[in-house]
Amino acid sequence: MSLEDVENIKKRIENFKKTLMELTEAPGAQVTAEHKIREMSAEVVDSNPYSRLMALQRMGIVKNYEDIRKYTVVVVGVGGVGSVTAEMLTRCGIGKLVLFDYDKVELANMNRLFYQPSQAGLSKVTAASMTLSKINPDVKIETYNTNITLTTHFEEFLTVLKTGGINGDRVDLVLSCVDNYEARMTINTACNELGLNWFESGVSENAVCGHIQYIVPGESACFACAPPLVVASDIDEKTLKKDGVCAASLPTTMGVVAGLLVQNALKKLLGFGTVSWYLGYNALTDFFPSMMIKPNPNCSDNFCLKQQSEFKNMVKEEPEFTNVDLIEDIVTHESNEWGITLAEDQPTASNNTSELVESIKTVNVNQNNSIKSDEEYLSLNDGLEFAYPSADQTAPNEENLVKETELNVDDLREQLSLL
Amino acid sequence: MENTKKALSSIPLLKTKAGPRDVDLWPQRLKEEYQSLIQYVQNNKAADNDWFRLESNKEGTKWFGKCWVFQNQLKYEFDIEFDIPVTFPATAPEIALPELDGKTAKMYRGGKICLSDHFKPLWARNVPKFGISHALALGLGPWLAVEIPELIQKGVVKYKEKEDN
Ligand SMILES: [Zn+2]
Numbered sequence: 002m003s004l005e006d007v008e009n010i011k012k013r014i015e016n017f018k019k020t021l022m023e024l025t026e027a028p029g030a031q032v033t034a035e036h037k038i039r040e041m042s043a044e045v046v047d048s049n050p051y052s053r054l055m056a057l058q059r060m061g062i063v064k065n066y067e068d069i070r071k072y073t074v075v076v077v078g079v080g081g082v083g084s085v086t087a088e089m090l091t092r093c094g095i096g097k098l099v100l101f102d103y104d105k106v107e108l109a110n111m112n113r114l115f116y117q118p119s120q121a122g123l124s125k126v127t128a129a130s131m132t133l134s135k136i137n138p139d140v141k142i143e144t145y146n147t148n149i150t151l152t153t154h155f156e157e158f159l160t161v162l163k164t165g166g167i168n169g170d171r172v173d174l175v176l177s178c179v180d181n182y183e184a185r186m187t188i189n190t191a192c193n194e195l196g197l198n199w200f201e202s203g204v205s206e207n208a209v210c211g212h213i214q215y216i217v218p219g220e221s222a223c224f225a226c227a228p229p230l231v232v233a234s235d236i237d238e239k240t241l242k243k244d245g246v247c248a249a250s251l252p253t254t255m256g257v258v259a260g261l262l263v264q265n266a267l268k269k270l271l272g273f274g275t276v277s278w279y280l281g282y283n284a285l286t287d288f289f290p291s292m293m294i295k296p297n298p299n300c301s302d303n304f305c306l307k308q309q310s311e312f313k314n315m316v317k318e319e320p321e322f323t324n325v326d327l328i329e330d331i332v333t334h335e336s337n338e339w340g341i342t343l344a345e346d347q348p349t350a351s352n353n354t355s356e357l358v359e360s361i362k363t364v365n366v367n368q369n370n371s372i373k374s375d376e377e378y379l380s381l382n383d384g385l386e387f388a389y390p391s392a393d394q395t396a397p398n399e400e401n402l403v404k405e406t407e408l409n410v411d412d413l414r415e416q417l418s419l420l
Numbered sequence: 678m679e680n681t682k683k684a685l686s687s688i689p690l691l692k693t694k695a696g697p698r699d700v701d702l703w704p705q706r707l708k709e710e711y712q713s714l715i716q717y718v719q720n721n722k723a724a725d726n727d728w729f730r731l732e733s734n735k736e737g738t739k740w741f742g743k744c745w746v747f748q749n750q751l752k753y754e755f756d757i758e759f760d761i762p763v764t765f766p767a768t769a770p771e772i773a774l775p776e777l778d779g780k781t782a783k784m785y786r787g788g789k790i791c792l793s794d795h796f797k798p799l800w801a802r803n804v805p806k807f808g809i810s811h812a813l814a815l816g817l818g819p820w821l822a823v824e825i826p827e828l829i830q831k832g833v834v835k836y837k838e839k840e841d842n
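Chains as they are written, first to last, in our numbering: chain F, 2 to 420; chain X, 678 to 842.
Written out as structure tokens, the structure is:
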């Protein structure tokens, strides 16, 4: 039997397995499908899946919870963080979810949440969409079993971001739940081009640190503005034994990061609370460092520079544009028409406001000051560090560079093949 | 490690910062990649350390070829393949040896080799000067040197008699 035959048989087995699962579980799916609800009800009855969510609105935490039905969120990477992220959004009743991944479910993934051993061998996006649509049939789910870092799939990715929204408009938010630098840079490239807001998330390879980062092209640093920012775990890399493995993982750290990610995505979409720019998590010390990183005026991504100048113009035209709404929002939320507040609530609430005003002032100051040096740009808050150094700007000696040549690509290709 | 450093310093550096989506500048970058690879293979031959061959599709976005390791006078050969990512050269290509997929934990899905902690920082520091040759010299070369002897010893990789030899 040839290798090709084996591959074909493997493919057929996967298809059979998928069909079998769909058939055996179809009756359940039909029952839930009958309960499809188009509008969210606030009625408090046991049969209403949204009653506890709509209570957020009754309590005044969220102004209009039903708005969540209008939004489309793209989750890139449905592994340890992304699958849990997708499940949370599904249970919250998000309008539409678009999932990207090119990996398969493996038994080695079972130390994480969400996937089940019976799904091993299925593509992650297929397995995820089957589970998610059973949890909440109201959510529209679209899947792409593709690797976005390849040139052949990148255009498709751009198109989905531009037209994947509920009414064929652009999507509302992109959540990066990938595990590698290449895919993060790809999402960054796409979102800079389209001016689309996105969250980056990550868990360290030693499984004890994680972070989320909110990126608004032009307003905050993009992923290429500075080297990736990670939480300093204070573990000496030399003592870290990596023999025989690429990465460790814990369901706990991944669950925490997914929770922080979706919490901030919900705050952004539904307009409550304040959204963290960068929030780190060090599991060893339960430390949560945070900071805002300004865009780099020397960013290597041209679309980032374009977004930066557009943002500057917008601030010039409406100087208070980013901040006033926020302050007013907090103040109105705080005022209480009965004048009654629980004693223990009071200090926290006012603290938050003053901290917020403080941070807004800082942002304003930073925007007025041009950044003088790389060192100043790259100064970080405690507990945070860059994963890699910045690109070395010094020009190499001419003799170390490739020489000018009269030959064209085809000549060179032939020359290499003849060696 | 000393050998890696020496090999690395004699590979020509590249000038053009362009990825495959950059229609205007990519052909120039591709030329430089070929020039750099030609020089690298010539260096290897001169140092009696010839260890790979590589070619690409017409667009220069897909690369494939062979690499080999000698152990006890026996030649162990492996297919190489990788794509040029959309964000190249800011990110390095992810080199894969598909036939070893699933045979070692030092690999990511699809047989992509697991690189050392030194690789990515060094690459980041040298954007856009590093190209495919550097990824081979810094990434694949050291990986083969460490992993293949171990896989042979474990019996995971076996010597294949070649019909055409
Ligand atoms: Zn940038």
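All C-beta atoms, glycine included, are put in the ideal place defined by N, C-alpha and C.
Range of the contiguous beta strand (DSSP E) that encloses residue i
| i | result |
| --- | --- |
| residue 212(F) | 210-216 |
| residue 730(X) | 729-733 |
| residue 745(X) | 739-748 |
| residue 143(F) | 141-145 |
| residue 168(F) | Segment: none, residue 168(F) is in no beta strand (DSSP E) and carries neither H nor E. |
| residue 311(F) | First-last for residue 311(F): 303-318, but that is the alpha helix (DSSP H), not the beta strand (DSSP E). |
| residue 283(F) | 279-283 |
| residue 98(F) | 97-101 |
Nearest candidate by alpha-carbon position, reference residue i, set the options
| i | options | result |
| --- | --- | --- |
| residue 40(F) | 159(F), 73(F), 94(F) and 9(F) | 94(F) |
| residue 131(F) | 157(F), 385(F), 177(F) and 100(F) | 100(F) |
| residue 103(F) | 115(F), 154(F) and 111(F) | 154(F) |
| residue 809(X) | 787(X), 757(X) and 827(X) | 757(X) |
| residue 143(F) | 169(F), 198(F), 69(F) and 279(F) | 169(F) |
| residue 162(F) | 409(F), 199(F), 128(F) and 127(F) | 199(F) |
| residue 277(F) | 228(F), 201(F) and 399(F) | 201(F) |
| residue 91(F) | 263(F), 297(F) and 114(F) | 263(F) |
| residue 403(F) | 787(X), 705(X) and 754(X) | 705(X) |
| residue 295(F) | 250(F), 230(F) and 180(F) | 230(F) |
| residue 830(X) | 714(X), 781(X) and 816(X) | 781(X) |
| residue 814(X) | 834(X), 833(X) and 793(X) | 793(X) |
| residue 228(F) | 213(F), 417(F) and 390(F) | 390(F) |
| residue 283(F) | 213(F), 13(F), 167(F) and 43(F) | 213(F) |
Sequence-distant residues of the same chain with beta carbon closer than 8 Å to residue i, five excluded per side
| i | result |
| --- | --- |
| residue 392(F) | 301 |
| residue 720(X) | 684, 687 and 688 |
| residue 397(F) | none |
| residue 325(F) | Residue placement at residue 325(F) is poorly supported in this model, since its pLDDT is 38, which falls under 50; the coordinates still yield a value, given next. Correct list: empty, nothing qualifies. |
| residue 338(F) | Confidence in residue 338(F) is poor, its pLDDT being 37 and thus under 50, which makes the residue's placement too unreliable to answer from. |
| residue 250(F) | 81, 112, 113, 204 and 208 |
Contacting residues, own chain, Cβ-Cβ under 7 Å from residue i (five flanking each side not counted)
| i | result |
| --- | --- |
| residue 225(F) | 186, 189, 300, 301, 302 and 305 |
| residue 800(X) | 769 and 807 |
| residue 826(X) | 748 |
| residue 308(F) | 193, 196, 218 and 219 |
| residue 707(X) | 737 |
| residue 422(F) | An answer regarding residue 422(F) cannot be provided, because it is not within the stretch 2 to 420 covered by chain F. |
| residue 234(F) | 205, 207, 209, 210, 283 and 285 |
| residue 150(F) | 183, 184 and 187 |
Buried or exposed (CB count within 10 angstroms, at least 16 for buried), residue i
| i | result |
| --- | --- |
| residue 119(F) | exposed |
| residue 734(X) | exposed |
| residue 726(X) | exposed |
| residue 777(X) | buried |
| residue 838(X) | exposed |
| residue 17(F) | exposed |
| residue 265(F) | buried |
| residue 61(F) | exposed |
| residue 395(F) | exposed |
| residue 712(X) | buried |
| residue 96(F) | buried |
| residue 760(X) | buried |
| residue 724(X) | exposed |
Same chain, Cβ closer than 6 Å to residue i, neighbours up to 5 away in sequence not counted
| i | result |
| --- | --- |
| residue 696(X) | 765 |
| residue 173(F) | 72 and 73 |
| residue 52(F) | 45 |
| residue 694(X) | 805 |
| residue 215(F) | 200, 276 and 278 |
| residue 43(F) | 55 |
Extent of the continuous alpha helix (DSSP H) to which residue i belongs
| i | result |
| --- | --- |
| residue 202(F) | Taken as a continuous stretch (DSSP letters only), residue 202(F) belongs to no alpha helix (DSSP H), being part of the beta strand (DSSP E) at 199-204. |
| residue 412(F) | 410-419 |
| residue 116(F) | Taken as a continuous stretch (DSSP letters only), residue 116(F) belongs to no alpha helix (DSSP H), as it is neither H nor E. |
Residue i beta carbon near ligand 2 (any heavy atom closer than 7 Å)
| i | result |
| --- | --- |
| residue 192(F) | Of the ligands this structure carries, namely ligand 1, none is ligand 2. |
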